[in-house]
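Last residue of the sequence shown: number 199 in the numbering used here, and the count goes up by one each step with no gaps.
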Amino acid sequence: MTSTIEYYNRNALEYSRSTVCVDFSATQERFLRYMPSYAKILDFGCGSGRDTKYFLDKGYDVDAVDGSREFCRLASAYTGIPVKQLYFQEFASVNEYDGIWACASILHLQWDDLISVLHKMAVALKNTGVIYTSFKYGDFSGERQGRFFIDFTENRLNEMLTLVPELQCREYWISTDVRPNRKDEKWMNIILSRKA
Numbered sequence: 004m005t006s007t008i009e010y011y012n013r014n015a016l017e018y019s020r021s022t023v024c025v026d027f028s029a030t031q032e033r034f035l036r037y038m039p040s041y042a043k044i045l046d047f048g049c050g051s052g053r054d055t056k057y058f059l060d061k062g063y064d065v066d067a068v069d070g071s072r073e074f075c076r077l078a079s080a081y082t083g084i085p086v087k088q089l090y091f092q093e094f095a096s097v098n099e100y101d102g103i104w105a106c107a108s109i110l111h112l113q114w115d116d117l118i119s120v121l122h123k124m125a126v127a128l129k130n131t132g133v134i135y136t137s138f139k140y141g142d143f144s145g146e147r148q149g150r151f152f153i154d155f156t157e158n159r160l161n162e163m164l165t166l167v168p169e170l171q172c173r174e175y176w177i178s179t180d181v182r183p184n185r186k187d188e189k190w191m192n193i194i195l196s197r198k199a
């Protein structure tokens with residue numbers, strides 16, 4: 004994870020410029036259908052702050068965190084709220100959030116850390132809360148362009164659900180990348196909730 008954080012600290016401005024104006028509203032709105040009007044949302048690995056700002060502009064109470072100090076600085080300036088530097092493994096909230104938005108963020112965790120962090124995310128949800136997360140679609144796991152990635156398929160999703168039994172999959176869908184010149188890249192989008 005350290006090399007991935009260092010990559011984002013070095014490339015935060017360029018990465019933010021390439022993502023902050025991307026229209027991600029179809030996925031954001033699909034997540035918001037699960038949210039009560041007074042929802043408290045955590046943007047877990049907020050990057051540029053694009054999604055944090057979208058949820059704030061819709062009137063939601065939003066917390067934002069990221070492991071990269073440079074992303075925290077840029078996202079705070081963009082959104083107008085303090086963005087806390089926090090590594091995923093340090094997360095320790097309990098029964099606090101109606102929604103956790105982890106868009107293309109926890110895909111940088113190695114498998115054992117991912118499972119541990121998903122347990123923590125489940126604990127942080129209110130009883131009716133949901134998690135949105137996304138992974139590149141495929142079987143790859145390892146370093147790619149200076150960052151660690153774990154990709155997901157239906158098989159990996161099922162394995163994850165076996166190891167995090169307190170969560171259930173509400174829905175998943177495969178989409179194409181919304182960034183320019185990335186239409187050939189596919190993503191697995193997942194909405195999880197706590198089991199009753």
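Idealized CB from N, CA, C, for every residue including glycine.
Residue state for Ile-109 is assigned as helix, using DSSP reduced to three classes. A straight-line Cα-Cα distance of about 5 angstroms links Cys-172 and Leu-195.
Between Gly-52 and Thr-82, the gap from beta carbon to beta carbon is short of 9 angstroms.
The three-state reading of DSSP puts Glu-73 in helix, counting H, G and I together. Counting along the chain, Phe-58 sits inside the alpha helix (DSSP H) bounded by residues 53-60.
DSSP places Thr-136 inside the beta strand (DSSP E), whose first and last residues are 128-139. Bridge pairing for Cys-172: Leu-195 [DSSP]. 9 angstroms or more divides the Cβ of Gly-50 from the Cβ of Tyr-90. In terms of Cα proximity to Leu-77, the closest of Phe-138, Asp-116, Lys-56 is Lys-56. Cβ neighbours of Glu-174 within its own chain (closer than 6 angstroms, five residues either side excluded): Ile-194. Membership of Glu-146 in the beta strand (DSSP E) is indicated by the continuous run 144-147. In the three-state reduction of the DSSP assignment, Ser-178 falls in the strand class. For Leu-45, the enclosing beta strand (DSSP E) stretches over residues 43-47.
Of the residues Lys-61, Val-97, Gly-102, Asn-192, the one whose Cα lies closest to the Cα of Ala-127 is Val-97.
Ile-103 carries a strand assignment under DSSP once its states are collapsed to helix, strand and coil. Non-local beta-carbon contacts of Glu-188 in its own chain, meaning distances under 6 angstroms to residues more than five positions away in sequence, involve Asp-180 in chain order. With at least 16 other beta carbons inside 10 angstroms of its own, Trp-104 counts as buried.
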